[in-house]
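Chemist: Per my numbering, residue -6 is the first one in the sequence shown, and the count goes up by one each step. The beta carbon of each residue, even a glycine, is placed where N, CA and C say it ideally should be. Since the model is a prediction, treat every value here as computed from it, not as a measurement.
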Amino acid sequence: MEDKLKIPRHIAFIMDGNGRWAKKRGLPRKFGHKEGAKVLRMIVEECKNAGVEYCSFYAFSTENWKRSQDEIDSIFDLIKKFADEELDKYADAGYKVKCMGDISVLPEETRNSLIKIVEKSKNNNKMIVNLGINYGGRAEIVNAVNYILSQGLNKIDEQMLSDCMYTCNMPDPDVIVRTSGEKRLSNFMLWQSAYSELIFIDDLWPDLKKETLYKIFEEYSKRNRRFGKE
-6 MEDKLKIPRH IAFIMDGNGR WAKKRGLPRK FGHKEGAKVL RMIVEECKNA
44 GVEYCSFYAF STENWKRSQD EIDSIFDLIK KFADEELDKY ADAGYKVKCM
94 GDISVLPEET RNSLIKIVEK SKNNNKMIVN LGINYGGRAE IVNAVNYILS
144 QGLNKIDEQM LSDCMYTCNM PDPDVIVRTS GEKRLSNFML WQSAYSELIF
194 IDDLWPDLKK ETLYKIFEEY SKRNRRFGKE
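1) Would you check if the region 70 to 81 and the region 186 to 196 touch, i.e. whether three or more CB-CB distances between them fall below 8 Å?
2) What three-state label does DSSP hand Ala5 in the structure shown?
3) Which full runs of the alpha helix (DSSP H) of 4+ residues lie inside the region 53 to 77, going along the chain?
4) Could you give the first and the last residue of the continuous beta strand (DSSP E) run that contains Asn127?
5) Please confirm whether Asn180 and Ser54 have their CB atoms less than 8 Å apart.
6) Would a C-beta distance cut-off of 8 Å place Glu133 and Met158 closer than the cut-off?
7) Threshold first: 4 residues or longer. Then list the alpha helix (DSSP H) segments lying entirely within the region 144 to 196, N to C.
8) Less than 8 Å between the beta carbons of Tyr83 and Val122, yes or no?
9) Let me check understanding here. Comparing Cα to Cα, which of Arg34, Cys40 and Asp63 lies closest to Lys(-1)?
10) Who are the Cβ neighbours of Arg13 in its own chain at under 7 Å, not counting the five residues just before and after it?
11) With Ile36 and Leu146 assumed to form a contact (beta carbons below 8 Å), what rounded beta-carbon distance in angstroms separates them?
12) Inspect the beta-carbon positions of Pro164 and Tyr51 and report whether they are closer than 8 Å.
13) The alpha helix (DSSP H) spanning Ala208 covers which residue range?
14) Can you tell me which of Gly129, Ala15 and Ala86 puts its alpha carbon nearest to the alpha carbon of Ile96?
15) Give the secondary structure of Tyr88 by DSSP, where H, G and I count as helix, E and B as strand, and everything else as coil.
16) Does the separation of the CB atoms of Ser67 and His3 fall below 8 Å?
17) Looking at the secondary structure, which residues open and close the alpha helix (DSSP H) in which Leu33 lies?
18) Please report the straight-line C-alpha distance between Asp77 and Ile209, rounded to a whole angstrom.
19) Rounded to whole angstroms, what is the Cα-Cα separation between Glu(-5) and Ser143?
20) According to DSSP, what are the bridge partners of Asp47?
21) What does the alpha-carbon distance come out to for the pair Leu225 and Asn127?
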């Protein structure tokens, strides 16, 4: 079946449900994030094996600062550990790691680990792993507009904006997947999602399996992307 699938060039994931996964098991929310990191690792590997060229993940949104400080600290500790261990392996294997979002305000150690991996992998040419960290779609658009205005331009077109997004030189997502049964984008890739296929699944992110990923590919293969032409 897999060789008959239409594989998206760029797939993006809203990784929702880590906290609920932990709560269902009577565990602190940070344990859900740890399990979620394992799933992210599996998804990257399976997407690469399937032929996906770009994989984007919503790791920490601009709204997530409203969570408890303990949870925020545990997320940033986990991101640092993931960068130092897993992302470093990706860089050595030829993957290119990118970050979208304002990472300047992250804890210094976490920020430095991410910068190190982005720099180390910048000339790699295998699948791009794109992490949304302190990312918000509205803020991204505002930042792009402000940058263009700072260049003394007073007329903006779509190409200018696209060129100033974190995802410049990347194709828009062919499909955006959200887990946990929620059916909204939650400020994720608002500019880039104009013609993305949206797939919502009930599984909490830590429960995602390889089989579920291929069901997503199957669903995507059934979609007829017309881009307004019909």
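Modeler: Concretely, from the data shown:
1) Taking 8 Å as the limit for Cβ pairs, the verdict is that the region 70 to 81 does not touch the region 186 to 196.
2) In the three-state scheme derived from DSSP, where H, G and I count as helix and E and B as strand, Ala5 is classed as strand.
3) Listed in chain order, the complete alpha helix (DSSP H) runs (minimum 4 residues) inside the region 53 to 77 are 62 to 75.
4) Under the DSSP assignment, Asn127 falls in the beta strand (DSSP E) whose first and last residues are Ile121 to Tyr128.
5) Ser54 sits close to Asn180, with the two beta carbons spaced by under 8 Å.
6) Contact flag set, yes.
7) Qualifying alpha helix (DSSP H) stretches, in chain order: 151 to 156.
8) The criterion of a C-beta distance shorter than 8 Å is satisfied by Tyr83 and Val122.
9) Lys(-1) has its Cα closest to that of Cys40, out of Arg34, Cys40 and Asp63.
10) Counting only residues of its own chain and dropping the five nearest sequence neighbours on each side, Arg13 has a CB closer than 7 Å to the CB of Ser173 and Leu197.
11) Rounded, the Cβ-Cβ distance is 39 Å, inconsistent with contact.
12) With respect to the 8 Å criterion, Pro164 and Tyr51 are not classified as neighbours on the basis of their beta carbons.
13) Just to set this straight, residue 208 is Lys in the shown sequence, not Ala. From DSSP, the alpha helix (DSSP H) with Lys208 extends over Lys203 to Lys215.
14) For Ile96, the nearest C-alpha among the options comes from Gly129.
15) Residue state, collapsed to three classes: coil.
16) Going by beta carbons, Ser67 and His3 fall outside the 8 Å limit.
17) Its alpha helix (DSSP H) spans residues Arg22 to Ala43.
18) Rounded to the nearest angstrom, the two C-alpha atoms are 30 Å apart.
19) Any answer about Glu(-5) is weak, because its pLDDT of 47 lies below 50 and its placement is not dependable; what the coordinates show is given next. Glu(-5) and Ser143: Cα-Cα distance of roughly 48 Å.
20) In the sequence as displayed, the identity of residue 47 is Tyr instead of Asp. Tyr47 pairs with His3 and Ile121.
21) Nothing about residue 225 can be read from this structure; the chain reaches only from -6 to 223.
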